[in-house]
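**Student:**
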Ligand SMILES: Nc1ncnc2c1ncn2[C@@H]1O[C@H](COP(=O)(O)OP(=O)(O)OP(=O)(O)O)[C@@H](O)[C@H]1O
Ligand SMILES: [Mg+2]
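Chains as they are written, first to last, in my numbering: chain A, 186 to 425; chain B, 175 to 458.
1. Grouping DSSP H, G and I as helix and E and B as strand, with all else coil, what is residue 412 (chain A)?
2. Compile a chain-ordered list of the residues in the segment 382 to 411 of chain B whose CB is closer than 7 Å to at least one CB of chain C.
3. What are the start and end residues of the beta strand (DSSP E) that includes residue 233 (chain A)?
4. Using beta carbons (cut-off 8 Å, strictly below), is residue 249 (chain A) in contact with chain B?
5. If we ignore side chains and look at the alpha-carbon of each, how far apart do residue 415 (chain A) and residue 327 (chain A) end up?
6. Considering only heavy atoms of ligand 2, does any lie closer than 7 Å to the CB of residue 226 (chain A)?
7. May I ask you to verify whether the segment 192 to 201 of chain A touches the segment 232 to 248 of chain A, counting CB pairs closer than 8 Å and requiring at least 3?
8. For the segment 215 to 225 of chain B against the segment 305 to 316 of chain B, are there 3 or more C-beta pairs whose distance is under 8 Å?
9. Taking C-alpha atoms, which residue in A:275, A:380, A:351 and A:389 lies nearest to residue 366 (chain A)?
10. Go to residue 307 (chain B), then tell me how far its alpha helix (DSSP H) extends in each direction, as first and last residue.
11. Measuring straight from C-alpha to C-alpha, what distance separates residue 412 (chain A) and residue 395 (chain A)?
12. How long is the line joining the alpha carbons of residue 372 (chain B) and residue 358 (chain A), rounded to whole angstroms?
13. I need the straight-line Cα distance from residue 154 (chain B) to residue 428 (chain B), nearest angstrom please.
14. Ordered along the chain, which non-local residues of its own chain (more than five positions away) have a Cβ less than 8 Å from that of residue 378 (chain B)?
15. Could you spell out where the alpha helix (DSSP H) holding residue 241 (chain B) opens and where it closes?
16. Quick one: residues in its chain with C-beta nearer than 6 Å to the C-beta of residue 405 (chain A), no 5 flanking neighbours on either side, listed in chain order?
17. By the three-class DSSP mapping on this structure, what secondary structure does residue 372 (chain B) have?
18. Under 6 Å Cβ to Cβ from residue 196 (chain B), same chain only, skipping five residues before and after it: list those, please.
19. Which full runs of the alpha helix (DSSP H) of 4+ residues lie inside the segment 230 to 317 of chain A, going along the chain?
20. Under 7 Å: does the beta carbon of residue 271 (chain A) sit that close to some heavy atom of ligand 2?
21. Shortest alpha-carbon distance to residue 362 (chain B) belongs to which of B:191, B:290 and B:179?
22. Taking only beta-carbon positions, decide if residue 379 (chain B) is within less than 8 Å of chain A.
23. Tell me whether residue 348 (chain A), by its Cβ, gets closer than 7 Å to a heavy atom of ligand 3.
24. What residues from chain B crowd round residue 292 (chain A), counting only those whose CB sits closer than 7 Å?
25. Flag residue 222 (chain A) as yes when its Cβ comes closer than 7 Å to any non-hydrogen atom of ligand 1, and as no otherwise.
26. Is there a Cβ of chain B sitting closer than 8 Å to that of residue 305 (chain A), yes or no?
27. Please look up how many angstroms separate the CB atoms of residue 334 (chain A) and residue 312 (chain A), rounded, as I've assumed it's under 8 Å.
28. Please list the partners that residue 418 (chain B) has in chain A, where partner means a Cβ-to-Cβ separation under 9 Å.
29. Kindly identify the DSSP beta-bridge partner or partners of residue 392 (chain A).
30. Taking 8 Å as the cut-off, decide whether the C-beta atoms of residue 217 (chain A) and residue 407 (chain A) are in contact.
31. Along chain A, in chain order, which residues have C-beta atoms closer than 7 Å to that of residue 414 (chain B)?
32. Using the rule of at least 16 other Cβ atoms within 10 Å of the residue's Cβ for burial, across every protein chain shown, is residue 204 (chain B) buried or exposed?
33. Identify the contact partners of residue 288 (chain A) in chain B, using a Cβ-Cβ distance below 7 Å as the criterion.
34. Is there contact here, the segment 228 to 244 of chain B with the segment 316 to 323 of chain B, by at least three beta-carbon pairs under 8 Å?
35. Closer than 8 Å between beta carbons: that is the criterion. Which residues of the segment 337 to 352 of chain A meet it against chain B?
36. Identify the contact partners of residue 263 (chain A) in chain B, using a Cβ-Cβ distance below 7 Å as the criterion.
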């Protein structure tokens, strides 16, 4: 469903952010994307969201190829890929409900369906009581949930989340993870970038990708046969 | 629905700037309006004068009646010709007498009629142009019994030159003001886009179509243009009333011109917005 083939991303002057990365995330899979800071996790998610084009190689998302897609058709990819940003990127002057409704409104949802759907999405993420609260009146964890509800608005095939638990405490993190598992249980693929290895260990059934300095150094699906056990995450994952 | 709400919100958000862009469109269209008013009235005058654009074919005194009848038929066969009138020496004298009584009497007393007989060729409307007139005159001059065929060449030419100048100046001045208006609309739009950059950014991220993102801005431009066009019409009408009451009688332009002006204002607003969006939407 999401397929990266020999993807390289080079930023002018900054050098390589990704080097020859290939993987295939299948329908309904739950996967972690891990690696040190600067290893290219956000870059990978951005390429899947087609916010940027790879320098080399191809990114395929539900049939759309980074090589052929035009600016005009980008919206089709964006509606199939829900994105939860590290910094949420909510509209600050609006309430939780308005933030979700806004997305529905600008993506051709029939006027009458907007409010009920926004309410349903917010209760799905456990925010029903805070529906009318303005973004700046919400805690970080609550804003995170609004961002997730927003990402789910167009019933995407896959949910991308960049460090969604980065600023949350233990309890809030657990809550968000439960939510992701629920969402995943309903058939939506989830790809979550995180450097929290403890978190990854608590979800042993999930697939794990590890990036190091722009290269894919570990993929749990192929690890049994040719795993580079020397990589930091693989070591720590296996050392328990 | 969304687009309209957002476009109206833009008016409320920056009333001064949107007002200014409307005012500029108004000014540009006011110039065009004034010229239209002038051109329209010139046109009316011109067509009144044009009615009198005709060819007079002077005949020799010794021309035979059969020859005259033949030429009359020939000229009447031109599709551009509405009618051909025969004017005998006597008719000519009578007309001269009416127009210049003193001379007429002089000729009557002397018993000599120096005025030639002639054919007056009147043209169909729409064919009263220098080249048609010239062609028919050339045709008539071929006959030996034709003394000359005249039509006041210069004057027909000048008439048409005048109209061309009017059109050209409207185009140049109107165009210049329109350019300024477009620049101001562009600036207004740039600010509107900037004010909504967060929303536009989110819209892109979540998969709003490009056309959807543009629509409110196009609509805003169209509304500003339309408002400007209304204002321009009002200003032009005011000028018309003023000239009519204090200077001289002129005619008000036809309703269809007003409709075209309003449409043009809206289209112009949308178009300049479109250009501005193309430029500035990339920046956010
Ligand atoms: N827009 C950009 N322009 C230039 N260089 C960039 C850009 N985005 C990322 N990079 C570089 O690409 C590399 C990978 O960055 P990326 O944000 O993907 O890392 P990351 O794994 O998400 O790190 P973190 O865990 O800190 O979020 C870094 O060296 C970064 O400096
Ligand atoms: Mg990152």
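Glycine is no exception: its CB is placed at the ideal position from the N, C-alpha and C atoms. Computed from a predicted model, the values in this text were never measured in an experiment.
**Tutor:** Let me spell this out:
1. Confidence at residue 412 (chain A) is low in this model, with a pLDDT of 45, below 50, so the placement of that residue is unreliable and no value is reported for it.
2. This model lacks chain C altogether, as its protein chains are A and B.
3. Where residue 233 (chain A) is concerned, there is no enclosing beta strand (DSSP E), although the alpha helix (DSSP H) it sits in stretches over 226 to 233.
4. no
5. Since pLDDT at residue 415 (chain A) reaches only 47, below the 50 mark, its modelled position is unreliable, and no value is offered.
6. yes
7. yes
8. no
9. A:389
10. 304 to 315
11. Summary for residue 412 (chain A): the model assigns pLDDT 45, below 50, so the residue's position carries little reliability, and this model does not support an answer.
12. 28 Å
13. Beyond the ends of chain B as shown, which are 175 and 458, falls residue 154 (chain B); an answer cannot be given.
14. 387
15. 239 to 250
16. 392 and 393
17. helix
18. 398, 401 and 402
19. 259 to 265, 281 to 291 and 296 to 309
20. yes
21. B:191
22. yes
23. Absence of ligand 3 is noted for the structure shown, with ligand 1 and ligand 2 being the only ligands found.
24. 380, 381 and 382
25. yes
26. no
27. 7 Å
28. What residue 418 (chain B) touches in chain A: nothing, since even the nearest Cβ is about 50 Å away.
29. A:216
30. no
31. What residue 414 (chain B) touches in chain A: nothing, since even the nearest Cβ is about 45 Å away.
32. buried
33. 380
34. yes
35. 338 and 339
36. 379, 380 and 381
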